[in-house]
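Colleague: Submitted below is the structure of interest, expressed as structure tokens.
In our numbering, the protein residues as written are 523 to 804.
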């Protein structure tokens, strides 16, 4: 475990293993532990694994603002610069996948291969803000399973549901049913611009996304509530390798870590099938 100063914040990261560099970025309200529960132990024998806590998460500095994908991708670049990693395989889950995609669009020369697990994309957030989005019913249903009743008028209130969820036990992985460390997460949700910034496009437009060409592995669970994003990306990215984890949901790193490691290892070792983009410059 180490900390390093990047863009005026203290970034917490871990490095283990030997081999080609792999960088892994967790999702919203998560931390680097999600990778170390199972995936990093399976990969450290073949790769040099670097995981980090994003700004405001885990043991990385919480700031009042700066949580859109553009700022977070600059944090990622700053960490790689400080660690002397010129190029690496980049892996992200959920909001972390959005951050990794933004980084790859801006700095394709720093990315060997890109693995995106369940990205949502702020540019499509207007679809998810509709009251009929399938994710709202799923979320309310999970809360009901642990005895939390959501008033009808709050069924599509993102910040309200986040706050409620922090009072529930964990739903996935080895820590399932254990309580959350809710204090720091409540402060992150309610005392910073995180919730608003999550919905900010920050320059990563659908035009930029659709024109992006890079060796990419795209993975979603068949029961994911982000399948609308998956359908969009499969349409605009014919070059990408697209995989559906049958019966899986949104939390693949916790639900199906072995399968993800198998897919990623094969992808990293396969020949490139796409001409990588020209460097746009720093």
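Note that beta-carbon positions come from the ideal geometry of N, C-alpha and C, so glycine has one too.
Where residue 545 and residue 603 are concerned, what is the direct C-alpha to C-alpha distance, given to the nearest angstrom?
Modeller: Along the chain shown, one-based indexing puts residue 545 at 23. Along the chain shown, one-based indexing puts residue 603 at 81. Their Cα atoms are separated by approximately 13 Å.
Colleague: Would you give the residue range spanned by the alpha helix (DSSP H) that residue 740 belongs to?
Modeller: Within the chain shown, numbered from 1, the residue matching residue 740 stands at position 218. Looking at the DSSP string, residue 740 is not in any alpha helix (DSSP H); the run it does join, the beta strand (DSSP E), is 738–743.
Colleague: Under the rule that 16 or more other beta-carbon atoms within 10 Å means buried, what is residue 793, buried or exposed?
Modeller: Reading the chain shown from its first residue, position 271 is the one you call residue 793. Residue 793 should be labelled exposed.
Colleague: Cβ atoms of residue 535 and residue 572: under 9 Å apart, would you say?
Modeller: Locating residue 572 in the chain shown gives position 50, counting from the first residue. Locating residue 535 in the chain shown gives position 13, counting from the first residue. A contact, by the Cβ cut-off of 9 Å.
Colleague: Relative to the C-alpha of residue 687, which candidate in 529, 695, 711 and 623 has its C-alpha closest?
Modeller: Here residue 687 corresponds to residue number 165 of the chain shown, with the count starting at 1. The shortest Cα separation from residue 687 among 529, 695, 711 and 623 belongs to 711.
Colleague: With contact counted as at least three CB pairs below 8 Å, one residue from each stretch, are the region 564–583 and the region 781–793 in contact?
Modeller: Touching, per the Cβ criterion.
Colleague: Residue 770 lies in the beta strand (DSSP E); which residues open and close that run?
Modeller: As a working mapping, residue 770 is identified with position 248 in the chain shown. Run containing residue 770: none; DSSP gives neither H nor E here.
Colleague: Given this structure, state the Cα-to-Cα distance separating residue 538 from residue 676, to the nearest angstrom.
Modeller: Taking the first residue of the chain shown as 1, we reach residue 538 at position 16. Taking the first residue of the chain shown as 1, we reach residue 676 at position 154. The straight-line gap from Cα to Cα measures roughly 43 Å.
Colleague: Between the alpha carbons of residue 747 and residue 523, how many angstroms are there, rounded?
Modeller: If you number the chain shown from 1, residue 747 lands on position 225. If you number the chain shown from 1, residue 523 lands on position 1. The alpha-carbon atoms of residue 747 and residue 523 are separated by roughly 34 Å.
Colleague: For residue 623, count neighbouring Cβ atoms within 10 angstroms of its own Cβ and tell me buried if that reaches 16, exposed if not.
Modeller: Against the chain shown, residue 623 aligns to sequence position 101. Buried, because 16 or more other Cβ atoms sit within 10 Å of the Cβ of residue 623.
Colleague: Around the Cβ of residue 648, are there at least 16 other Cβ atoms within 10 angstroms (buried) or fewer (exposed)?
Modeller: Taking the chain shown and counting its residues from 1, the one referred to as residue 648 is at position 126. So residue 648 ends up on the exposed side.
Colleague: What is the DSSP secondary structure of residue 668, counted as helix, strand or coil?
Modeller: One-based indexing of the chain shown puts residue 668 at position 146. Three-state result, residue 668: coil.
Colleague: Hey, is the region 722–729 in contact with the region 584–594, meaning 3+ C-beta pairs nearer than 8 Å?
Modeller: Segments in contact, yes.
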